[in-house]
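Numbering (the numbering used here), first residue to last: 639 to 973.
In C-alpha cells form, the structure reads like this:
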C-alpha cells in the first residue's frame, strides 16, 4: 500500500506518507525487464494489537527514508565506556527521528516526480524536512533531494536509510563497497547469542571482518546463518553497488560524501525472533550517514566517541535560515 505514486519513461515508484518512505520502486531496463530492488517488510500488511503498538518507522517499513536525527533519542544503555556520551542531546523524541515515525504531507507534483514535507514539533531543533523525487528521463534511475531546515544552529547525527531486497540464494548478492579509511563493528552484541561479529572490532576489508572464531566475509548476502549484524565504514570515496548475481542486475546508491562520509551496513538475516521480525526479515540496509552507528544525538554530538576521535564527523552541521540540501540517487543496470 502506498499513498502516492509517480512514473517516468523507465520506471515507477510509490511514496508512503508514514515515515516519508519511498518504495517499492520498479525500474524498467532497456530490454523491457522490470526490477524492484527495494525491501518491503513482510509484516507491512499485518493488523491487530501487536501491529498497532509498533513505532511508525516499523509499521509499514519499506524502501528508503531519512532519519533526522539518526538513532536513539537518548544515549542507549549498556554501551562500553568509550562510547559514553559527553554532549547534551538536542534530538529528543523518537527512534530514528520524528520524520521516520510520523505522517508527511504532499508538497507538490510534477511530471515524473513529486515532493513531500513534514514539519517538526515547535520545541525541536529541526524545523522541517522536504523530500523531492524525480525519475531520470531515459534511464532506470531515480534522484532524491533532501532538505533539512533548522530552527537554530546545531549539530545532529543524520542518515539516509535505504533497505534493499535480497535474493533467496545465500550469497546471491555481492556488496561492492567503495574504498574506505576505516571500518568498525557494532560495539555490543545486537542479539545476544545470535550476532557473530566481534563487538567493537576494527577492520579494513569487508571481506575479512573479525568474528567469533575467526573472520567473516560480509560482502556476500544473504549471510549463510541466521543473524543480525551492523558494521560501519568511514571515509568512503564513492558509491555503493550491489550485484544481485542470482537475478542478473546491479543497483547503485550514489550520494554526497561531503555530507555523508560513512556508510552503515545493516544485515537483517532472520536474527530477531520477536514480533514483528519473527525470524522472517531478510534485507540489507545500506545507509549513508554522519553518525556513530545509531547511538543518537548525545553520542553523535560528542567529540569523544571513537569514530569522531578517529577523524570522521558524526554530526551534521545545521544552521538557522540556511537549509542543508543534498541529492542522491538509486539506479539499476543489467549485469
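Virtual Cβ for every residue (Gly too), placed ideally from N, Cα, C.
Computed from a prediction, not measured in an experiment: that's the story for all the values here.
Helix, strand or coil for residue i, going by three-state DSSP, please let me know.
i            : result
residue 1005 : The structure shown does not extend to residue 1005, since the chain is modelled only from 639 to 973, so the question has no answer here.
residue 973  : coil
residue 818  : coil
residue 846  : coil
residue 690  : helix
residue 891  : strand
residue 880  : strand
residue 871  : strand
residue 955  : strand
residue 706  : coil
residue 662  : strand
residue 839  : coil
residue 946  : helix
residue 962  : strand
residue 804  : coil
residue 656  : strand
Return yes when the Cβ of residue j is within less than 7 Å of the Cβ of residue i, no when it is not.
i           : j           : result
residue 838 : residue 649 : no
residue 734 : residue 695 : yes
residue 873 : residue 819 : yes
residue 835 : residue 847 : yes
residue 962 : residue 927 : no
residue 770 : residue 753 : yes
residue 706 : residue 653 : no
residue 970 : residue 778 : yes
residue 680 : residue 918 : yes
residue 780 : residue 968 : yes
residue 920 : residue 804 : yes
residue 714 : residue 889 : no
residue 999 : residue 891 : Lying outside 639 to 973, the shown extent of the chain, residue 999 is not represented and no answer is given.
May I have the straight-line CA-CA distance separating residue i from residue j, to the nearest angstrom?
i           : j           : result
residue 856 : residue 844 : 6 Å
residue 688 : residue 913 : 8 Å
residue 841 : residue 955 : 28 Å
residue 726 : residue 747 : 39 Å
residue 866 : residue 909 : 5 Å
residue 640 : residue 719 : 43 Å
residue 822 : residue 947 : 13 Å
residue 940 : residue 957 : 18 Å
residue 710 : residue 670 : 43 Å
residue 693 : residue 924 : 21 Å
residue 938 : residue 869 : 16 Å
residue 863 : residue 907 : 7 Å
residue 851 : residue 945 : 25 Å
residue 682 : residue 701 : 12 Å
residue 949 : residue 934 : 18 Å
residue 712 : residue 731 : 9 Å
residue 894 : residue 751 : 21 Å
residue 673 : residue 665 : 5 Å
residue 785 : residue 964 : 7 Å
residue 741 : residue 658 : 7 Å
residue 886 : residue 662 : 19 Å
residue 880 : residue 814 : 6 Å
residue 811 : residue 915 : 22 Å
residue 708 : residue 911 : 24 Å
The ligand PLP and residue i: does any heavy atom of the ligand fall closer than 6 Å to the residue's C-beta?
i           : result
residue 722 : No copy of the ligand PLP occurs in the structure displayed, which carries no ligand at all.
Applying the criterion that 16 or more other CB atoms from any shown protein chain within 10 Å of the CB defines a buried residue, is residue i buried or exposed?
i           : result
residue 703 : buried
residue 936 : buried
residue 724 : exposed
residue 722 : exposed
residue 768 : buried
residue 759 : exposed
residue 686 : exposed
residue 974 : Past the edges of the chain, shown from 639 to 973, lies residue 974, and the structure says nothing about it.
residue 882 : buried
residue 929 : buried
residue 959 : exposed
residue 728 : buried
Quiz item: Mind pulling the beta strand (DSSP E) runs of 3 or more residues that sit fully within the segment 903 to 939?
Solution: 920 to 928
Quiz item: What are the uninterrupted segments assigned as alpha helix (DSSP H) that are 4 or more residues long and contained completely in the segment 717 to 802, given in chain order?
Solution: none
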